[in-house]
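J.: Residue numbers (the numbering used here): 204 to 349. We treat Cβ as the ideally placed atom computed from N, Cα and C, and that holds for glycine. Since this is a predicted model, take the numbers as computed values, not measurements. Please find one structure pasted underneath; my questions will follow.
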């Protein structure tokens, strides 16, 4: 098989678009978390290379600041990242030292990971694909009043 060149941004976009398809069509939230998480990480590193903040960097700063205001105590940025990536990491890594059961809300975690990946994509491209627009509209639509 011949070696080919693959652009990181294109690979991440393909992963994100596949994650969105799985979210809408198959409700395979485990795969959504994994694929969107990979896209989030690549887009985030591309942003950092441009000296811009990624979604996880903004989240770390915001959560740590809010925690400090509410409790008066510092919160390690690594604790924020660990919590934000807990479901993704549980789907990627396991060892016999860990319990075989992991507790998380797969739907909410998939939405969070998709949001992070889409936020990073937006920061890089200033545009959204039709699937990204659909996700944003559905997740953030105003509730209908009775």
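Which whole-angstrom value describes the C-beta separation of residue 331 and residue 321, a residue pair presumed to lie in contact below a C-beta threshold of 8 Å?
T.: Counting from one through the chain shown, the residue named residue 331 turns up at place 128. Counting from one through the chain shown, the residue named residue 321 turns up at place 118. Going by Cβ atoms, the distance from residue 331 to residue 321 rounds to 7 Å, so yes, they are a contact pair.
J.: What residue ranges within the stretch 265-347 form continuous alpha helix (DSSP H) runs of no fewer than 4 residues, ordered along the chain?
T.: 280-287, 289-295, 309-328 and 333-342
J.: Just the C-alpha distance for residue 301 and residue 207, rounded to the nearest angstrom, thanks.
T.: For the purposes of this step, residue 301 is taken as residue 98 along the chain shown, with counting starting at 1. For the purposes of this step, residue 207 is taken as residue 4 along the chain shown, with counting starting at 1. Each residue's alpha carbon lies about 38 Å from the other.
J.: In angstroms, rounded to a whole number, what distance separates the CA positions of residue 324 and residue 280?
T.: Numbered from 1 along the chain shown, position 121 holds the residue referred to as residue 324. Numbered from 1 along the chain shown, position 77 holds the residue referred to as residue 280. Each residue's CA atom was taken as its position, placing residue 324 and residue 280 some 23 Å apart.
J.: Whole angstroms is fine: what's the gap from residue 278's alpha carbon to residue 258's?
T.: The residue given as residue 278 occupies position 75 in the chain shown. The residue given as residue 258 occupies position 55 in the chain shown. So the alpha carbons of these two residues sit roughly 18 Å apart.
J.: Could you compute how far the alpha carbon of residue 312 sits from the alpha carbon of residue 236?
T.: To locate residue 312, count along the chain shown from 1; it is residue 109. To locate residue 236, count along the chain shown from 1; it is residue 33. The straight-line gap from Cα to Cα measures roughly 7 Å.
J.: Assign residue 319 to one of two classes, buried (16 or more other C-beta atoms within 10 Å of its C-beta) or exposed (fewer than that).
T.: Within the chain shown, residue 319 is the residue found at index 116, counting from 1. Classification for residue 319: buried.
J.: Have a look at residue 338 and residue 298 and give me their C-alpha separation to the nearest angstrom.
T.: Locating residue 338 in the chain shown gives position 135, counting from the first residue. Locating residue 298 in the chain shown gives position 95, counting from the first residue. C-alpha of residue 338 to C-alpha of residue 298: approximately 34 Å in a straight line.
J.: If distances are taken between C-alpha atoms only, which option among 220, 265 and 216 comes closest to residue 334?
T.: Along the chain shown, one-based indexing puts residue 334 at 131. Nearest C-alpha to residue 334 among 220, 265 and 216: 220.
J.: Can you tell me which of 248, 244, 284 and 271 puts its alpha carbon nearest to the alpha carbon of residue 263?
T.: As a working mapping, residue 263 is identified with position 60 in the chain shown. Comparing Cα-Cα distances from residue 263 to each of 248, 244, 284 and 271, the minimum goes to 284.
J.: I'd like the list of long-range same chain contacts for residue 276, defined as Cβ closer than 8 Å, with 5 residues on each side in sequence excluded.
T.: As a position in the chain shown, residue 276 is number 73, starting the count at 1. Cβ neighbours of residue 276 beyond the five flanking positions: 270.
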